[in-house]
Amino acid sequence: MLMQTCVKIKAEVGTLYDILKYVHDNIKEPLLAGNVAKEFGYSKWYFCDRFKSFTGRTFVEYVRHYRIQLAALDILKGTKILDIAISYGYDSISGFNKAFLKEYGCSPTEYLKQVKESQFYYEKRRISMFQLSDRCAALREEAVNEKSFMKQYFAQGNVYFTIGHLKALKEGYSTTESIAAGISYILEKFTPVIIPGELIVGFNFGEAECDEYYRPRDNDNGWQVIRKNHISDADARLFFELVKNPPAADTESPAVNLTEAETQSEQEWSAIGRCIDSNHTVLGYEAVLKKGFLGLLREVEDAEQKNGKNPLYEAAKKICISAACMGEKYAQKAKELLESDNDNYQKEDLEQIIDNCSRVPRHPASSFTEAVQAIWFAHIINTWEDHINANSIGRLDQILYPYYAADIEKGILTREKAFEILCCLWIKLYRDYDVQQSCIGGTSPDGSSDVNELSYLMLDVTEQLNFIRCLSVRYSGKTEKAFLKRALEVVGHVQKGVPFFFNDDIMVPALMAKGISREDAFDYTQIGCVETVIPGKSNPHAVTGETNLLKAIEYALCNGASMMYPEFNPGVKTGNISSFKTYKQFYEAVLAQIQNILDLSCSKIAKHRIASIVNSPRPYKSLLTEGCLESGKDFNDAGARYDYYQVMLGGIPNLADSLAVIKKFVFDEKKYSLGELKEILLNNFPNEAVRAEFINKAPKYGNDIDEVDDIAVDIMDKACDILDVMSEKYGLSFHAQPFTFLWMIEHGQHSAASPDGRRKGEPIAYSCSSMQGRDFNGLTALLNSISKLPSLKAPGTTSAIVELDPKLFCDRNLDTLTDIFIAASKKGLCNVQFNIIDADTLIDAQKHPEHYNNLAVRVSGFSQKFNLLSPELQNHIIGRTKHTCL
Numbered sequence: 001m002l003m004q005t006c007v008k009i010k011a012e013v014g015t016l017y018d019i020l021k022y023v024h025d026n027i028k029e030p031l032l033a034g035n036v037a038k039e040f041g042y043s044k045w046y047f048c049d050r051f052k053s054f055t056g057r058t059f060v061e062y063v064r065h066y067r068i069q070l071a072a073l074d075i076l077k078g079t080k081i082l083d084i085a086i087s088y089g090y091d092s093i094s095g096f097n098k099a100f101l102k103e104y105g106c107s108p109t110e111y112l113k114q115v116k117e118s119q120f121y122y123e124k125r126r127i128s129m130f131q132l133s134d135r136c137a138a139l140r141e142e143a144v145n146e147k148s149f150m151k152q153y154f155a156q157g158n159v160y161f162t163i164g165h166l167k168a169l170k171e172g173y174s175t176t177e178s179i180a181a182g183i184s185y186i187l188e189k190f191t192p193v194i195i196p197g198e199l200i201v202g203f204n205f206g207e208a209e210c211d212e213y214y215r216p217r218d219n220d221n222g223w224q225v226i227r228k229n230h231i232s233d234a235d236a237r238l239f240f241e242l243v244k245n246p247p248a249a250d251t252e253s254p255a256v257n258l259t260e261a262e263t264q265s266e267q268e269w270s271a272i273g274r275c276i277d278s279n280h281t282v283l284g285y286e287a288v289l290k291k292g293f294l295g296l297l298r299e300v301e302d303a304e305q306k307n308g309k310n311p312l313y314e315a316a317k318k319i320c321i322s323a324a325c326m327g328e329k330y331a332q333k334a335k336e337l338l339e340s341d342n343d344n345y346q347k348e349d350l351e352q353i354i355d356n357c358s359r360v361p362r363h364p365a366s367s368f369t370e371a372v373q374a375i376w377f378a379h380i381i382n383t384w385e386d387h388i389n390a391n392s393i394g395r396l397d398q399i400l401y402p403y404y405a406a407d408i409e410k411g412i413l414t415r416e417k418a419f420e421i422l423c424c425l426w427i428k429l430y431r432d433y434d435v436q437q438s439c440i441g442g443t444s445p446d447g448s449s450d451v452n453e454l455s456y457l458m459l460d461v462t463e464q465l466n467f468i469r470c471l472s473v474r475y476s477g478k479t480e481k482a483f484l485k486r487a488l489e490v491v492g493h494v495q496k497g498v499p500f501f502f503n504d505d506i507m508v509p510a511l512m513a514k515g516i517s518r519e520d521a522f523d524y525t526q527i528g529c530v531e532t533v534i535p536g537k538s539n540p541h542a543v544t545g546e547t548n549l550l551k552a553i554e555y556a557l558c559n560g561a562s563m564m565y566p567e568f569n570p571g572v573k574t575g576n577i578s579s580f581k582t583y584k585q586f587y588e589a590v591l592a593q594i595q596n597i598l599d600l601s602c603s604k605i606a607k608h609r610i611a612s613i614v615n616s617p618r619p620y621k622s623l624l625t626e627g628c629l630e631s632g633k634d635f636n637d638a639g640a641r642y643d644y645y646q647v648m649l650g651g652i653p654n655l656a657d658s659l660a661v662i663k664k665f666v667f668d669e670k671k672y673s674l675g676e677l678k679e680i681l682l683n684n685f686p687n688e689a690v691r692a693e694f695i696n697k698a699p700k701y702g703n704d705i706d707e708v709d710d711i712a713v714d715i716m717d718k719a720c721d722i723l724d725v726m727s728e729k730y731g732l733s734f735h736a737q738p739f740t741f742l743w744m745i746e747h748g749q750h751s752a753a754s755p756d757g758r759r760k761g762e763p764i765a766y767s768c769s770s771m772q773g774r775d776f777n778g779l780t781a782l783l784n785s786i787s788k789l790p791s792l793k794a795p796g797t798t799s800a801i802v803e804l805d806p807k808l809f810c811d812r813n814l815d816t817l818t819d820i821f822i823a824a825s826k827k828g829l830c831n832v833q834f835n836i837i838d839a840d841t842l843i844d845a846q847k848h849p850e851h852y853n854n855l856a857v858r859v860s861g862f863s864q865k866f867n868l869l870s871p872e873l874q875n876h877i878i879g880r881t882k883h884t885c886l
């Protein structure tokens with residue numbers, strides 16, 4: 001009998017998953033090892049042995065751990081200790097106290113005292129930190145509540161760019177030179193506005209949230225917008241004339257001809273291929289700080305002398321000349337305000353602006369304040385070329401530190417003043433939807449930590465401003481634990497999903513494996529959500545490829561056809577399902593479909609790239625990206641030193657869970673045939689009991705269960721290898737990026753029901769996170785599952801969002817949370833983002849949005865105000881597991 005039991009349990013690792021589900025669902029009921037063993041048909045001895053082997057804890061230890069973790073949350077909620085003890089089945093306070101002591105090293109009363117003391121000491125320390133100055137508090141209030149009178153200048157950016165761009169085309173200039181003319185016309189014509197109290201000046205006109213500001217029409221409303229935005233009648237007439245009769249581009253755009261399979265895969269969101277050529281990069285802003293635009297102009301002239309005349313050089317020279325004058329417009333405006341004796345402005349502020357802007361960005365920055373101002377000016381011009389979106393800032397603490405350290409040593413800057421100046425920059429960057437990443441921390445090529453005083457100061461700024469500001473932290477095994485703990489502390493207190501974390505020990509070798517030099521790989525940073533870039537040296541073509549690998553199940557079951565759209569045949573012929581006699585044969589068919597999905601995406605990227613070269617020259621990005629001036633080639637014509645294309649791999653968690661179900665119920669237990677499974681999916685689970693069986697009786701990714709985690713690992717491993725093959729096939733460098741952005745919603749909408757229990761049309765999992773609600777085995781188990789993924793093969797970076805109850809993420813637990821985070825990182829955790837929120841708050845916010853105007857959550861690789869999200873996204877976030885146990 002014992003031998004039969006051994007054979008049975010070895011064949012059904014999923015049963016242990018079922019047992020863990022049973023334990024978690026009945027945690028407040030009496031749970032004895034013998035009774036649970038009997039419930040599942042095992043002897044007590046064998047059950048206990050296998051349970052410990054599987055979980056690393058005895059059954060008694062596991063149950064106690066989970067109960068006491070939940071009890072600790074109840075204590076923080078204010079529930080009486082006696083009531084808690086009774087609710088978890090303890091006969092006495094004494095027994096409960098002993099169990100609590102084993103878990104936390106203290107009694108429940110002492111635990112509560114420690115939590116309160118931790119909060120007290122944090123608040124005491126927080127008071128001793130730099131506080132927002134009155135100026136920054138006022139500027140923050142204006143930005144967050146959208147009171148800025150800069151809105152009356154929004155239309156200037158697009159109107160002036162359009163005039164300069166189309167006028168140059170009409171005069172026969174190339175597209176490259178015409179785009180430069182558009183940027184230069186903005187620089188010539190924009191109204192320099194200085195807001196009372198600000199120390200860093202400049203405005204990037206927003207993203208033109210409504211069409212009337214983006215492109216006013218020649219009617220009464222359009223003229224009203226024009227005059228409201230301080231645009232002259234002469235410019236308005238020229239704008240309307242050029243828009244009505246636009247000149248033809250200098251080069252005809254190549255046609256992008258797609259095959260039937262490429263078109264169908266696009267329509268059902270299984271394999272999308274485009275060429276993202278705009279607003280997704282980090283430029284070499286450091287060059288502006290070190291050389292100024294006059295110094296850059298000399299570099300362009302030197303390159304032109306060496307390589308001969310070229311539209312790119314003409315365009316770059318025009319931008320340099322115009323950009324050099326940008327600061328002087330603000331200096332002149334500050335002088336006018338100073339002479340007007342306006343009571344709204346402080347004399348010292350205006351004098352500082354005059355000093356800064358008289359020098360930068362024309363000349364190199366000579367102080368910390370000038371450096372901050374120069375980098376902001378340089379970033380503004382970048383957003384004028386192709387809008388804000390994910391154009392990001394880069395490693396700010398590294399770029400600015402030499403100026404900071406020099407000024408501190410000279411005695412002309414204090415840490416408090418630097419804090420205020422950084423607050424001003426953060427406020428300038430503020431947006432409701434912010435993916436203009438700044439990065440702090442990191443590691444040097446010699447292996448030492450790059451953390452410096454500014455790294456900590458920028459965390460302080462983020463915490464004190466307490467609004468959405470896209471900030472990432474790079475770290476490695478050499479990073480100081482104190483810095484990681486401080487970063488996690490900010491996560492817990494800001495509770496807006498920032499900062500988020502990238503592991504250098506994974507990212508650097510992943511980038512080097514793709515041909516990026518060691519020195520440059522150690523200088524990587526992020527753009528937008530999580531995309532990887534080498535600042536000032538690369539064109540990453542972020543989120544260019546987009547795939548839903550879960551569709552491979554549909555195609556394998558239907559011999560290349562779609563379940564959602566039966567008339568579509570975007571897959572490859574892998575045989576009738578009756579030909580699959582073993583799980584291995586079926587899995588090989590799925591892998592063949594994955595290869596086809598990735599091939600379709602890469603093929604479309606290659607086709608769209610040709611059109612991008614013609615349609616989307618980027619002279620400003622070329623100016624500030626190494627390789628472009630040297631080669632005379634544009635940023636979007638492979639001019640950058642590193643030119644690569646990131647391909648998103650979506651659906652891996654669902655595909656792994658689905659294959660685990662198929663392996664268990666079709667091939668191991670033979671409870672269903674593939675034909676029966678196909679009918680179940682086509683009919684969207686007509687029997688709820690079958691769906692519940694698929695959800696609850698087979699292991700799920702995210703719970704540290706090797707059987708299913710290994711499937712996810714192999715899928716990702718094979719997909720990354722396939723992308724290497726595609727790189728050879730198409731002559732382009734494709735970088736794997738297991739990331740979905742927001743498109744897990746659309747991928748789900750275009751996917752049939754899947755064997756993991758997901759209904760037709762429901763969202764798939766976010767990136768590398770487990771499917772919503774399936775990761776019940778605690779934070780450590782989830783991080784262990786994610787850490788197993790072969791992230792060393794994904795230089796585009798993985799992405800995972802972990803949801804934690806705010807009471808678990810309390811100050812008292814920070815040391816433990818930091819240790820868990822470090823341990824997971826050593827195992828291979830690459831990128832992680834934290835949402836510190838409970839489901840009840842989100843549900844109430846959905847019902848009463850007016851009460852939660854400033855509630856922000858981690859959505860994808862960005863944070864957003866919850867009440868601005870679609871109902872589908874809100875429900876997706878609510879459905880994610882909110883971990884209450886470590």
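Under the numbering used here, the first residue of the sequence shown carries the number 1, and numbering increases by one thereafter. Positions of the beta carbon are idealized from the N, C-alpha and C atoms, including for glycine.
- The DSSP assignment places complete alpha helix (DSSP H) segments of no fewer than 4 residues inside the region 787–843 at 814–827, in order along the chain.
- Put simply, the backbone Cα of A656 is about 45 Å away from that of S631.
- Distance from the CA atom of Y672 to the CA atom of I680, rounded to whole angstroms, is 10 Å.
- Residues of the same chain with a CB within less than 6 Å of the CB of S538, apart from the 5 flanking positions on each side, are A640 and Y642 in chain order.
- Scanning P738, L600 and S612 for the CA closest to the CA of Q646 turns up P738.
- By the Cβ test, the region 127–135 is in contact with the region 414–427, since at least three Cβ pairs between them sit closer than 8 Å.
- Secondary structure remark: continuous alpha helix (DSSP H) runs of at least 4 residues inside the region 509–572, in chain order: 518–521 and 551–557.
- Just so you know, the alpha carbons of W743 and N145 end up roughly 29 Å apart.
- Sequence-distant Cβ neighbours of G394 in its own chain, meaning closer than 6 Å and more than five residues away, are V282, T525 and P535.
- By the criterion of at least three beta-carbon pairs nearer than 8 Å, the region 367–374 is not in contact with the region 234–249.
- Here the alpha carbon of Y852 sits roughly 6 Å from the alpha carbon of A845.
- The beta carbon of P311 lies closer than 6 Å to those of S174, T176 and E177 in the same chain, with the five residues before and after it left out.
- Each of P192, P763 and R125 was checked against the Cα of D460, and the nearest Cα belongs to R125.
- Unbroken beta strand (DSSP E) stretches of 3 residues or longer found wholly inside the region 594–657: 645–650, given in chain order.
- Restricted to the region 203–267, the alpha helix (DSSP H) segments that are unbroken, complete and at least 4 residues in length are 211–214, 220–228, 233–244 and 260–267, listed in chain order.
- The DSSP-derived three-state label of S449 is strand.
- Using a Cβ distance threshold of 7 Å, F667 and G757 do not count as a contacting pair.
- Distance from the CA of I506 to the CA of P790, rounded to the nearest whole angstrom, comes to 9 Å.
- By the beta-carbon neighbour count (other beta carbons within 10 angstroms, threshold 16), K80 is exposed.
- The alpha-carbon of R215 is positioned some 22 Å away from that of R431.
- Secondary structure remark: continuous alpha helix (DSSP H) runs of at least 4 residues inside the region 333–365, in chain order: 347–359.
- The residue among L31, Y46 and Q119 with its C-alpha nearest the C-alpha of P806 is Q119.
- For L471, there is no enclosing alpha helix (DSSP H); the residue is found in the beta strand (DSSP E) stretching over L471 to Y475.
- A592 and C558 have their C-alpha atoms roughly 13 Å apart.
- Shortest Cα-Cα distance from A390 to any of Y456, D277 and S322 involves D277.
- For the 7 Å CB-CB criterion, G748 and P763 form a contact.
- In the displayed model, V435 falls within coil according to three-state DSSP, outside both helix and strand.
- With 16 or more other CB atoms across the displayed protein chains lying within 10 angstroms of its CB, M563 is buried.
- Per DSSP, V36 is one residue of the alpha helix (DSSP H) stretching across A33 to E39.
- Per the coordinates, the alpha-carbon of A698 lies some 52 Å from the alpha-carbon of G627.
- A72 and Y111 do touch by the CB rule: their CB atoms are close to 6 Å apart, below 8 Å.
- In this structure the region 871–885 does not lie against the region 510–522, because fewer than three pairs of beta carbons, one per stretch, are closer than 8 Å.
- Sequence-distant Cβ neighbours of L814 in its own chain, meaning closer than 7 Å and more than five residues away, are K485, L488 and E489.
- Here K309 carries a coil assignment [DSSP, helix/strand/coil].
- Linking D634 to I321 through their CA atoms gives a straight-line distance of about 19 Å.
- Of L471, K604 and G773, the smallest CA-CA separation from G273 is found for K604.
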